[in-house]
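Residue numbers (the UniProt record's numbering), protein chains in the order written: chain L, 1 to 246; chain F, 1 to 274. For reference, the structure is listed below as structure tokens.
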């Protein structure tokens, strides 16, 4: 069977290569690593936790304005990994979709429906020639009224899935294997355990002894008041507890 | 969410496509008043009880002064957990509820969940408001979803009311009188069914445009009980048989004329017998 020859554009726009690959989508995945950060998210029994690095490279930067954790609705938050500009655009779109759902249907959008919507939008970019896929990975953490704590991830290919624990970014593979070992042992984490496992996963995989200012933690619990981003003092409490455990 | 009914997404804002036509029509009538859409006459009611919702409706559809349908179904299926009574222009209620049901089926399949009442109400309200009352549908939606038992009404202009008991249609005042007097919170199933029956009955008795039988639909967490008819009217339709007893018409004379037949040809064909 003779292999068809491409006109050479399959690397430049999202059309199929002769092997059936979409090079632009694969390059988009590589672009996620350009940010140089790794994020981890774990779903516990009654909570979901998302942890990401906070790197402020320039002394002149205002650290308060640097963040990768975003609130989408009262009960849904997300952690973005990858190119910052693309991330902000996707967050804006996710906020619009969630608000539009509330206006059209009168109740808060469930996490899986929002993730599905963002994944469908990302999929369109893999078919349209005039738009490139976005180089960022969205991890949604949220509380569903019927199903409880939910953790969803959607990527530039337009694929989305629910997870018990997941990671994204530069050290994604190492973090995922670390999480696999932990999840095998125990599935119903308490709030404390979930946060500590997430932080220790990042610390182990990146070999960094974290200070509170180098981490961002976002949580949502069944008890609490929606998606919350922890302050540095709160993060410090967990870091201290973690170091005492070790 | 993909809507099955539209090939292109509706434009945002108001749609004034018919403004020119309406202006031309007004010019044709003396006094500048366009004819009002005809109310086909109905009594529909709904009540929230302890375990769910009971919806009731009469079965008469009128076209002016003539009863067009004596056994029409006014309680429409929206979703396995949501039913809708429709009053107003029959075609409008029928098509609007079918459209809503179709869209919610698509939604159920994509999300894997039963739709919520608020979602159905919001979609209806959005559509009816967009048409500014040109779609003459007054609907009572009732159902049970993950947040509880709910009863809503949506008016033709897009107004929404959430109440534990509701009545709409030309017989609504008669039915509402009964409901206002006898409604209680957390009723049992039989009390609720009887209350709705009496309310619809009041509408049938006091409103010319409502009549014939009463349909009841009970929606609970376990399922739906659609009782059609719940109560038949005592004025039954004629039997549709046109046989008359011999002797109904008196016989005056009788004349018998035998027909003489001549045998022209005779042929015998043997049949094969086993």
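By construction, the Cβ of each residue, glycine as well, lies at the ideal position given by its N, Cα and C atoms.
Residue i: contacting residues in chain F (beta-carbon distance under 7 Å)
i                      : result
residue 106 of chain L : 118, 119, 121, 122
residue 113 of chain L : 111
Coil, strand or helix - residue i by DSSP
i                      : result
residue 140 of chain L : strand
residue 216 of chain L : strand
residue 154 of chain F : strand
residue 80 of chain L  : strand
residue 63 of chain F  : strand
residue 170 of chain F : coil
residue 10 of chain L  : coil
residue 273 of chain F : coil
residue 121 of chain L : helix
residue 49 of chain F  : strand
residue 159 of chain F : coil
residue 155 of chain L : coil
residue 6 of chain F   : With a pLDDT of only 49 at residue 6 of chain F, under the threshold of 50, the placement of this residue in the model should not be trusted; the figure read from the coordinates follows. Three-state result, residue 6 of chain F: coil.
residue 181 of chain F : helix
residue 15 of chain L  : coil
residue 146 of chain F : coil
residue 235 of chain F : coil
residue 190 of chain F : helix
residue 1 of chain L   : With a pLDDT of 43 at residue 1 of chain L, under the threshold of 50, the modelled position of that residue is not reliable, and the figure given next carries that caveat. Coil at residue 1 of chain L, not helix or strand.
residue 1 of chain F   : Because residue 1 of chain F carries a pLDDT of 46, less than 50, the predicted location of this residue cannot be relied on, and no value is offered for it.
residue 138 of chain F : strand
residue 267 of chain F : coil
Spatial distance of residue i from residue j (CA atoms)
i                      : j                      : result
residue 52 of chain L  : residue 81 of chain L  : 8 Å
residue 135 of chain L : residue 88 of chain F  : 53 Å
residue 59 of chain L  : residue 163 of chain F : 60 Å
residue 38 of chain L  : residue 76 of chain F  : 53 Å
residue 1 of chain F   : residue 222 of chain F : With a pLDDT of 46 at residue 1 of chain F, under the threshold of 50, the modelled position of this residue cannot be trusted, and the question is left open.
residue 246 of chain L : residue 69 of chain L  : 28 Å
residue 6 of chain F   : residue 129 of chain F : Caution is warranted here: a pLDDT of 49 is assigned to residue 6 of chain F, below 50, making its placement in the model unreliable, and the coordinate value is therefore given only provisionally. Approximately 17 Å, taken between the alpha carbons.
residue 8 of chain L   : residue 16 of chain L  : 11 Å
residue 91 of chain L  : residue 92 of chain F  : 40 Å
residue 15 of chain F  : residue 131 of chain F : 8 Å
residue 205 of chain L : residue 172 of chain L : 9 Å
residue 208 of chain F : residue 171 of chain F : 8 Å
residue 127 of chain L : residue 18 of chain L  : 16 Å
residue 28 of chain L  : residue 34 of chain L  : 10 Å
residue 65 of chain F  : residue 19 of chain F  : 31 Å
residue 67 of chain F  : residue 61 of chain F  : 6 Å
residue 17 of chain F  : residue 103 of chain F : 25 Å
residue 200 of chain F : residue 181 of chain F : 14 Å
residue 100 of chain F : residue 153 of chain F : 15 Å
residue 226 of chain L : residue 142 of chain L : 8 Å
residue 208 of chain L : residue 199 of chain L : 11 Å
Nearest residue (CA-CA) to residue i, options the options
i                      : options                    : result
residue 169 of chain F : F/81, F/83, F/211          : F/211
residue 137 of chain F : F/117, F/158, F/228        : F/158
residue 52 of chain F  : F/255, F/261, F/224        : F/224
residue 106 of chain F : F/86, F/79, F/183, F/117   : F/79
residue 145 of chain L : L/209, L/208, L/132, L/112 : L/112
residue 167 of chain L : L/151, L/158, L/157        : L/151
residue 237 of chain L : L/211, L/47, L/224         : L/211
residue 241 of chain L : L/217, L/215, L/193        : L/193
residue 191 of chain L : L/170, L/11, L/66, L/49    : L/49
residue 46 of chain F  : F/121, F/85, F/256         : F/85
Proximal residues of chain L, C-beta to C-beta of residue i below 7 Å
i                      : result
residue 126 of chain F : 104
Partners in chain F for residue i, counting only beta-carbon separations shorter than 8 Å
i                      : result
residue 146 of chain L : 113, 146
Sub-8 Å separation of residue i and residue j beta-carbons
i                      : j                      : result
residue 192 of chain F : residue 54 of chain F  : yes
residue 251 of chain L : residue 139 of chain L : Residue 251 of chain L lies beyond the range of chain L shown here (1 to 246); nothing can be said about it.
residue 13 of chain L  : residue 24 of chain L  : yes
residue 44 of chain F  : residue 143 of chain F : no
residue 215 of chain F : residue 230 of chain F : yes
residue 115 of chain F : residue 135 of chain F : no
residue 195 of chain L : residue 219 of chain L : yes
residue 127 of chain F : residue 107 of chain L : no
residue 155 of chain L : residue 137 of chain L : yes
residue 217 of chain F : residue 83 of chain F  : yes
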